[in-house]
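Structure first, then comments.
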């Protein structure tokens with residue numbers, strides 16, 4: 001994972017800052033082991049290469065049953081539909097296995113590929129959040145996209 005993230009560092013900027021060190025991986029892995037987060041590593045069935053990462057974060061149950069959906073893919077697998085499949089499987093797990101009612105994806109307005117992906121999966125645009133998330137030392141605007149369990 002670290003090697004794949006390092007090789008794709010420029011591809012991910014400015015959209016995401018995946019871990020690129022062992023310490024970063026250890027912190028990411030520890031986060032995924034908490035009740036509030038679930039992370040998945042998507043691999044190509046033929047080459048075993050890392051296609052990308054998907055994750056559910058800030059999972060809240062009880063009356064809310066909501067989580068944030070995040071993901072990033074690797075350049076060498078781009079355009080083959082593999083990340084769309086990985087995200088689709090993550091959405092299915094969120095609703096069917098975790099029991100969520102709602103998923104939210106926050107995407108920078110200029111990230112056309114990511115917006116196309118959530119649109120393809122049925123997410124709807126809900127709004128705009130200025131200076132929503134700090135990435136690479138800067139507060140970045142995001143669009144809010146959401147999907148409800150009964151909309152799948």
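In the UniProt record's numbering, the protein residues as written are 1 to 152.
We put the CB at the ideal spot given by N, CA and C, even for glycine.
Closest to residue i by C-alpha separation, out of the options, would be which residue?
i: residue 22; options: 70, 39, 79, 2; result: 2
i: residue 91; options: 80, 105, 116; result: 105
i: residue 74; options: 113, 57, 141; result: 113
i: residue 67; options: 36, 97, 28, 46; result: 36
i: residue 56; options: 29, 63, 49; result: 29
i: residue 119; options: 145, 103, 132; result: 145
i: residue 43; options: 64, 4, 34; result: 4
i: residue 80; options: 13, 24, 45; result: 45
i: residue 132; options: 109, 96, 98; result: 109
i: residue 147; options: 130, 117, 134, 129; result: 117
Three-state secondary structure (DSSP) at residue i?
i: residue 66; result: strand
i: residue 138; result: strand
i: residue 55; result: strand
i: residue 152; result: coil
Bridge partners of residue i, per DSSP?
i: residue 145; result: 105, 125
i: residue 73; result: 52
i: residue 133; result: 140
i: residue 98; result: Its beta-bridge partners do not exist; DSSP assigns none.
Is the CB-CB distance between residue i and residue j below 7 Å?
i: residue 143; j: residue 107; result: yes
i: residue 38; j: residue 53; result: no
i: residue 141; j: residue 17; result: no
i: residue 60; j: residue 71; result: no
i: residue 100; j: residue 93; result: no
i: residue 122; j: residue 151; result: yes
i: residue 51; j: residue 25; result: no
Span of the beta strand (DSSP E) holding residue i?
i: residue 42; result: 38-43
Provide the residue span of the alpha helix (DSSP H) that contains residue i, from first to last.
i: residue 118; result: 112-120
i: residue 89; result: 82-92
i: residue 5; result: 2-7
i: residue 32; result: 22-32
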